Amino acid sequence: MFAETSSRYVTRNPEILGGEPIITGTRTSVRAIVSLWRLGIMPEEILNHLPHLTLAQVFDALSFYLDYQALINKYIEQNRVPDELVHPSVKAGLNRQ
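In the numbering used here, the protein residues as written are 2 to 98.
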């Protein structure tokens with residue numbers, strides 16, 4: 002686990018997303034930011050998808066991820082939509098990226 006003070010913008014609240022790491026003052030998970038980044042979206046472009054965040058928050062979330070990859074990867078896997086539930090048009094769009 003991580004200490005609550007280990008990150009400027011990342012925290013946990015047991016009442017939000019079951020205590021998953023989130024950006025302080027939001028319901029945005031580190032997992033959501035990392036998932037966009039893994040799709041090849043640059044940090045500056047992540048702001049187009051999550052306009053309520055600042056670039057500093059995005060970079061802090063990515064830095065947090067690099068320090069706690071196993072933890073965030075666990076949340077990513079737990080929240081992964083099974084392939085058989087993904088609509089074919091969504092799959093086609095993802096394959097074009």
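Ideal Cβ positions, reconstructed from N, Cα and C, are used throughout, including at glycine. If you're wondering where the values come from, they're calculated on a predicted model, not measured in any experiment.
Between the Cα of Leu63 and those of Thr12, Arg32, Arg13, spot the shortest distance and give me the residue it belongs to. In terms of CA proximity to Leu63, Arg32 leads the group Thr12, Arg32, Arg13.
Determine, using beta carbons only, whether Ile73 comes closer than 8 Å to chain B. Absent here is chain B; the protein component of the structure consists of one chain.
Buried or exposed: Ser7, going by 16 or more other Cβ atoms within 10 Å of its Cβ? With fewer than 16 Cβ atoms within 10 Å of its Cβ, Ser7 is classed as exposed.
Spatial distance of Leu48 from Asn14 (CA atoms): When the Cα atoms are used, Leu48 and Asn14 turn out to be separated by approximately 23 Å.
In angstroms, rounded to a whole number, what distance separates the CA positions of Tyr66 and Pro89? Taking the straight line from one Cα to the other gives about 30 Å.
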